[in-house]
Amino acid sequence: MVFVGNHSEASSMTEGDEELMSILANQIGQSLENAQLFEQVYRSRQDLESKIQERTKQLAVALEEVKKISKMKSEFISAVSHELRTPLTSIKGYASILMTGKVGDIPAEVKERLEKINKHSDNLVKLINDLLAIARIESGRFEMKFAKPAIASLIENVRDLLTLQMKEKGIQFKVQIAAATPEVFVDSSQIERVLINLVGNAIKFTPREGTITIRVQPEAETVVCSVTDTGIGIKEDDISNLFNEFYRVDNEINQKVKGTGLGLVLAKKVIEAHQGKIGVTSKANQGTTFSFSLPINQMGEKSQARTE
């Protein structure tokens, strides 16, 4: 409250004086109220910053713990995979020797089962190799040999490897490479591995007489390669999980044809190791396009530094 008095012999306060004092009192009251509100906001901000700092510390600790667990997982997978490769190699070797008949004639029924052993051994070896590659990338022990291969030659190698599978289904294979596409530094064997995986998936999910198209073109500071098929497509609910380990889309084809669910995971790891990105667009019964990008200048400078 504000009290106003007059102890002098001057005339008493006029109506204008009272109005002026009322205005001043209101302004003083608003200033005090604003000061209190500012102090409350300031204290709330201080409390919020303190909580944020505390939560940030907690998240940092949790992140370090996750990194340790991830490293332990990678090391465990690597160790187990190495231990499994030796007996699997022996199993496959013995099965192959028996099938040749070098140790005696093999009845047809036995040979048929030996062929199944050999086939399943191949599947297990592929699974182990994929697990090893993923573990090495995650642990930073994945060595790559960078060069500037012609993208057309990489695609041609993939065509040669998978041409029999495509002919069996009457699939047409198209390649479209933009004339202005620059060369990029890549590990050719690993990029081939990615293309084999993507084209192999396209063959698997494309019906007879379908089409698979590989397109390569520059975009901004990258070279983008896409693999498009006219297959059964992927439901929207499944797209977000495609690059998760061991995830397989639940459809009729996957129920008949076994797989590891690691191919796309490995492809993603390889592309990210090249500092690129991979993604997918698809609609059910309308085909699928997997695309990955590789930096042009940035990757080249870093690759040169690593290969010198």
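The opening residue of the sequence shown carries number -17 in the numbering used here; numbering runs sequentially from there. The beta carbon of each residue, even a glycine, is placed where N, CA and C say it ideally should be.
CB-CB length for residue i against residue j, believed under 8 Å
i, j, result
"I185", "Q147", "5 Å"
"V176", "I194", "Incorrect: roughly 15 Å between the Cβ atoms, too far for contact."
"G215", "Q154", "Contact doesn't hold; Cβ gap of about 18 Å is too wide."
"L144", "I173", "With a Cβ gap of about 15 Å, L144 and I173 do not count as contacting."
"T271", "T210", "4 Å"
Reference residue i; option with closest CA among the options
i, options, result
"M126", "V107, S171 and E47", "S171"
"L224", "A7, S208, V92 and L244", "L244"
"S208", "E218, I137, P164 and N16", "I137"
"E203", "I116, E15, L276 and Q12", "L276"
"V198", "D29, P189, V157 and G258", "V157"
"S135", "S26, E165 and R37", "E165"
"A160", "I88, E150 and E201", "E201"
"A117", "K93, G258, K251 and E94", "K251"
"N183", "V140, K49, V168 and S222", "V140"
"D169", "E150, Q257 and K149", "Q257"
Distance CB(residue i)-CB(residue j) smaller than 8 Å
i, j, result
"F187", "G152", "no"
"V247", "E227", "yes"
"A255", "I110", "no"
"I278", "V205", "yes"
Interface flag, residue i vs chain C, CB-CB below 8 Å
i, result
"F155", "The question asks about chain C, but that chain is absent: this structure has only one protein chain."
Could you tell me whether the segment 130 to 146 touches the segment 256 to 269, using the rule of 3 or more Cβ pairs below 8 Å? With the cut-off at 8 Å, the segment 130 to 146 and the segment 256 to 269 do not touch.
Quick check: the segment 105 to 118 against the segment 64 to 82, are at least 3 beta-carbon pairs closer than 8 Å? Yes, the segment 64 to 82 touches the segment 105 to 118.
Just list the alpha helix (DSSP H) runs in the segment 80 to 146, keeping only unbroken ones of 4 residues or longer that don't cross its boundaries, in chain order. Runs of the alpha helix (DSSP H) inside the segment 80 to 146: 90 to 121.
For the segment 68 to 84 and the segment 93 to 101, state whether three or more C-beta atom pairs, one from each stretch, are separated by less than 8 Å. Yes, they touch.
Which runs of the beta strand (DSSP E) fall wholly inside the segment 196 to 223 and span at least 3 residues, in chain order? Along the segment 196 to 223, the beta strand (DSSP E) occurs as fully enclosed runs of 3 or more residues at 204 to 211, listed in sequence order.
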